[in-house]
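Protein chains: 2
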Amino acid sequence: MKSREPFALACPVPLSQYERVVLAHGGGGRLMHQLIEGMFRPAFATAEPALQHDGAILDPVGRRVAFTTDSYVVQPLFFPGGDIGRLAVLGTVNDLAMCGARPRWLSCSLILEEGFPMADLWTIVQSMAETVREVDVRLVTGDTKVVNRGKGDGVFINTAGVGILEHDLVIGPQSLRPGDACLLSGDLGRHGVAVLNAREDLGLQTDLQSDLASLVPPVLRLLEAGLEIHCLRDLTRGGLAAALVELASSSGLEISIQEAAVPVREEVRSACELLGLDPLLMANEGRFVAFLPPSQAARALEILRAEEVGRDAVLVGKVGAEKNGTVVVESPLGGRRIVDLPAGEQLPRIC
Amino acid sequence: MKSREPFALACPVPLSQYERVVLAHGGGGRLMHQLIEGMFRPAFATAEPALQHDGAILDPVGRRVAFTTDSYVVQPLFFPGGDIGRLAVLGTVNDLAMCGARPRWLSCSLILEEGFPMADLWTIVQSMAETVREVDVRLVTGDTKVVNRGKGDGVFINTAGVGILEHDLVIGPQSLRPGDACLLSGDLGRHGVAVLNAREDLGLQTDLQSDLASLVPPVLRLLEAGLEIHCLRDLTRGGLAAALVELASSSGLEISIQEAAVPVREEVRSACELLGLDPLLMANEGRFVAFLPPSQAARALEILRAEEVGRDAVLVGKVGAEKNGTVVVESPLGGRRIVDLPAGEQLPRIC
Numbered sequence: 001m002k003s004r005e006p007f008a009l010a011c012p013v014p015l016s017q018y019e020r021v022v023l024a025h026g027g028g029g030r031l032m033h034q035l036i037e038g039m040f041r042p043a044f045a046t047a048e049p050a051l052q053h054d055g056a057i058l059d060p061v062g063r064r065v066a067f068t069t070d071s072y073v074v075q076p077l078f079f080p081g082g083d084i085g086r087l088a089v090l091g092t093v094n095d096l097a098m099c100g101a102r103p104r105w106l107s108c109s110l111i112l113e114e115g116f117p118m119a120d121l122w123t124i125v126q127s128m129a130e131t132v133r134e135v136d137v138r139l140v141t142g143d144t145k146v147v148n149r150g151k152g153d154g155v156f157i158n159t160a161g162v163g164i165l166e167h168d169l170v171i172g173p174q175s176l177r178p179g180d181a182c183l184l185s186g187d188l189g190r191h192g193v194a195v196l197n198a199r200e201d202l203g204l205q206t207d208l209q210s211d212l213a214s215l216v217p218p219v220l221r222l223l224e225a226g227l228e229i230h231c232l233r234d235l236t237r238g239g240l241a242a243a244l245v246e247l248a249s250s251s252g253l254e255i256s257i258q259e260a261a262v263p264v265r266e267e268v269r270s271a272c273e274l275l276g277l278d279p280l281l282m283a284n285e286g287r288f289v290a291f292l293p294p295s296q297a298a299r300a301l302e303i304l305r306a307e308e309v310g311r312d313a314v315l316v317g318k319v320g321a322e323k324n325g326t327v328v329v330e331s332p333l334g335g336r337r338i339v340d341l342p343a344g345e346q347l348p349r350i351c
Numbered sequence: 001m002k003s004r005e006p007f008a009l010a011c012p013v014p015l016s017q018y019e020r021v022v023l024a025h026g027g028g029g030r031l032m033h034q035l036i037e038g039m040f041r042p043a044f045a046t047a048e049p050a051l052q053h054d055g056a057i058l059d060p061v062g063r064r065v066a067f068t069t070d071s072y073v074v075q076p077l078f079f080p081g082g083d084i085g086r087l088a089v090l091g092t093v094n095d096l097a098m099c100g101a102r103p104r105w106l107s108c109s110l111i112l113e114e115g116f117p118m119a120d121l122w123t124i125v126q127s128m129a130e131t132v133r134e135v136d137v138r139l140v141t142g143d144t145k146v147v148n149r150g151k152g153d154g155v156f157i158n159t160a161g162v163g164i165l166e167h168d169l170v171i172g173p174q175s176l177r178p179g180d181a182c183l184l185s186g187d188l189g190r191h192g193v194a195v196l197n198a199r200e201d202l203g204l205q206t207d208l209q210s211d212l213a214s215l216v217p218p219v220l221r222l223l224e225a226g227l228e229i230h231c232l233r234d235l236t237r238g239g240l241a242a243a244l245v246e247l248a249s250s251s252g253l254e255i256s257i258q259e260a261a262v263p264v265r266e267e268v269r270s271a272c273e274l275l276g277l278d279p280l281l282m283a284n285e286g287r288f289v290a291f292l293p294p295s296q297a298a299r300a301l302e303i304l305r306a307e308e309v310g311r312d313a314v315l316v317g318k319v320g321a322e323k324n325g326t327v328v329v330e331s332p333l334g335g336r337r338i339v340d341l342p343a344g345e346q347l348p349r350i351c
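Shown next as structure tokens:
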């Protein structure tokens, strides 16, 4: 993370007057105006007119664009390695990257609970602003609502994003082919364990941080190298297992992975053993899988490993010829077990 | 509203098993998959792959596009003349129309409270689907989160939208010119009074319905007629007063309106008098103001009045030459009062 310096000014909305969010901050009147002009605009150091108007006007693109949205309800709002603001920017930017797009424009819609400390809101807004700069996107339009005390949970954030496809590939499960290599960009489960430890006060003696990170650089590098990417998917709720099950099910093909090849840090492994959780199902916020022809796997790994976020990238599996739509985990001793979707997340509200 | 017939099938998610939303419905696992495939996809009668994937790919446009977002937290969820689902589609579509865009693509992100009745969710999803068809947009990507009981309020909905500008006008407060006519598309305050009456159980003897409606047809008709639209603004939170104050403030020009020209139904007027509220500040969800050269006002009114939603359109005011950024209401007797933004909405959670 970059320094917070440019944002180290005191929160410009007079905290003495409003230390906490009140319903009128979402009412469309003077207080909402004050929040937008006094906090959001300085934080994003932007003159975007759409922060106050009905929408943003984007320049013509002339190429395909990707469009995505996610709402973020993570608890706690601040966790080791990130916070809900940074997550709300990176989560949506990462979804655009998974479409093979260069993220360009974001919207941000806040649902604040009456009574939420204004200082915490300021910290979150600063974090969003910092992250928006870091990943080089523009936050162009937004919305703020306030709900009554006890009808929300501090803050929920929705971001939607628009990005540009600068290539002609069709990236998605429909492009998976038998024989495709499956690359995994790094170790699993740190986001899930870090959030769980922070929320449940498990007292795990660990300084484990969430893996929360932008996946834009590695994806753009892969595309710029002209590699024939067939499919990309980030590993969020439900972890690697859920991502692969969805892809196998959508494509109708079998995907197999080598259990021994999956990188899991010792701290994550012990925490999972202690709590009866499966690292394959643990949430991540800075990990993805990439599928491409096996002949290009070595070059792709090289590119991924040159990026900080892909340092531990590995070849983890492949797409099989069988049309059974299942995911198979192969153990070092040659055992094969079929992975099914869990009913829910092992841990709710991880993102 | 159109008939509900095409959606009159029973909710396809087995209600016997899950009569209420559980946390796992937002967990990224089997239950979330069941909700998407069993409820959302049939309701929207769509094969959009992005309902399950990371984002939607939109075809190249080659023109400017508008991008907007809003979260909807209205209470009650069902009110005379609409519900949160219909509001979430029309509110965002209307914001695109105010940018002068033809709405094309929507995202939808749900934040559900654990324990929310599945049957109510189904009703809301049906209403969204029906409205999406009615206004001819595509819901292309979405997200579902579930928060713990007591940490939400039934359902919050975020929609973001992308629309296409099929003209070269610059529509916004920066295009306002002294002398511009200000047209108002219809009577004020029905949404606010209808929601208030439903929520607070005021027992007003009225069958007053929200004015909730699509503003797309009248806006497209104005544009297709080649009129030189300078600015459009829908009147939501804060009503006509807040909209005009924002425009006057952004443009630095004075906007004056004739109080006697503002259409307010008798039922709304009495309710406001009874409750000490001001119709100029009441929320609307199917009303807008349009600014254009005075020579084109008569033709624009003719076009607006040909549409059901613009039947009661009137010339309500004008942009003055004074550079004071204020809004002035002129009474029939010649009095002039300056309108300021209220601190908040008279009524919270109106949208």
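In order, the protein sequences belong to chains P and B.
With my numbering, you'll find the first sequence wraps up at 351, consecutive numbering, no jumps.
With my numbering, you'll find the second sequence wraps up at 351, consecutive numbering, no jumps.
By construction, the Cβ of each residue, glycine as well, lies at the ideal position given by its N, Cα and C atoms.
Cys272(P) carries a helical assignment under DSSP once its states are collapsed to helix, strand and coil. Between the region 281 to 291 of chain B and the region 176 to 193 of chain B, the count of C-beta pairs closer than 8 Å reaches three or more; the two stretches touch. DSSP places Phe67(P) inside the beta strand (DSSP E), whose first and last residues are 65 to 72. DSSP, read as helix, strand or coil, puts Ala194(P) in helix. Per DSSP, Glu134(P) is one residue of the alpha helix (DSSP H) stretching across 118 to 134. In this structure, DSSP gives Glu246(P) a helical state, which the three-state scheme calls helix. Contact between the region 220 to 227 of chain B and the region 297 to 317 of chain B is present: 3 or more CB-CB pairs across the two stretches fall below 8 Å. For the region 90 to 114 of chain B, residues whose beta-carbon sits nearer than 7 Å to a beta-carbon of chain P comprise Asp95, Leu96, Met98, Cys99, Trp105, Ser107, Ser109, Ile111.
The Cβ atoms of Ala225(P) and Pro294(P) do not sit closer than 8 Å to each other. Taking 8 Å as the CB threshold, Gly310(P) stays off the interface with chain B. For Ser71(P), the chain B residues whose Cβ falls inside 7 Å of its Cβ are Ser109, Ile111, Asp143, Lys145, Asn158, in order along the chain. Here the alpha carbons of Val89(B) and Leu232(P) stand approximately 30 Å from one another.
Taking C-alpha positions only, Lys151(P) is separated from Val146(B) by approximately 14 Å. Note: Lys145(B) is bridge-paired with Ile111(B) in the DSSP secondary-structure output.
Close partners of Ala313(P) in chain B (Cβ separation under 7 Å) are lacking, with about 19 Å as the shortest Cβ gap. Approximately 15 Å separates the beta-carbon atoms of Thr144(P) and Leu106(P); this is outside 8 Å, ruling out the contact. Annotation for Leu315(P): the continuous beta strand (DSSP E) segment containing it runs 314 to 319. Ile57(B) carries a strand assignment under DSSP once its states are collapsed to helix, strand and coil. Under the Cβ distance rule, Thr131(P) does not count among the residues neighbouring chain B, no pair being separated by less than 8 Å. Leu208(P) places its beta carbon less than 8 Å from that of Pro80(P).
Counting the other Cβ atoms within 10 Å of the Cβ of Leu347(B) gives 16 or more, which makes it buried. One thing to note: Pro178(B) has its Cβ within 8 Å of the Cβ of Ala321(B). When only Cα atoms are considered, Ser127(B) and Gln75(B) end up about 16 Å apart. The three-state reading of DSSP puts Ser251(B) in helix, counting H, G and I together. Relative to Ala242(P), the option among Val327(P), Ile229(P), Cys272(P), Ala213(P) whose CA is nearest is Val327(P). The residue among Val268(P), Asp312(P), Gly238(P) with its C-alpha nearest the C-alpha of Val339(P) is Gly238(P). Note on geometry: alpha-carbon atoms of Val65(P) and Arg64(B) lie some 13 Å from one another. Note that the C-beta distance between Gly62(B) and Cys99(P) is not below 8 Å. Contact between the region 190 to 202 of chain P and the region 128 to 144 of chain B is not established, with fewer than three Cβ pairs separated by less than 8 Å. Under the Cβ criterion of 8 Å, Thr326(P) is not counted among the residues facing chain B. Chain B places no beta carbon closer than 8 Å to that of Arg336(P), leaving this residue out of the contacts. 8 Å or more divides the Cβ of Thr69(B) from the Cβ of Ala43(P). With a threshold of 8 Å between beta carbons, Phe67(P) makes contact with chain B. Any Cβ of chain B closer than 8 Å to the Cβ of Lys323(P) would place that residue at the interface, and such an atom is absent. With the criterion set as a beta carbon lying under 8 Å from some beta carbon of chain B, the members of the region 28 to 39 of chain P are Gly28, Gly29, Arg30, Leu31, Met32, His33, in sequence order. Distance from the CA of Phe40(P) to the CA of Arg311(P), rounded to the nearest whole angstrom, comes to 35 Å.
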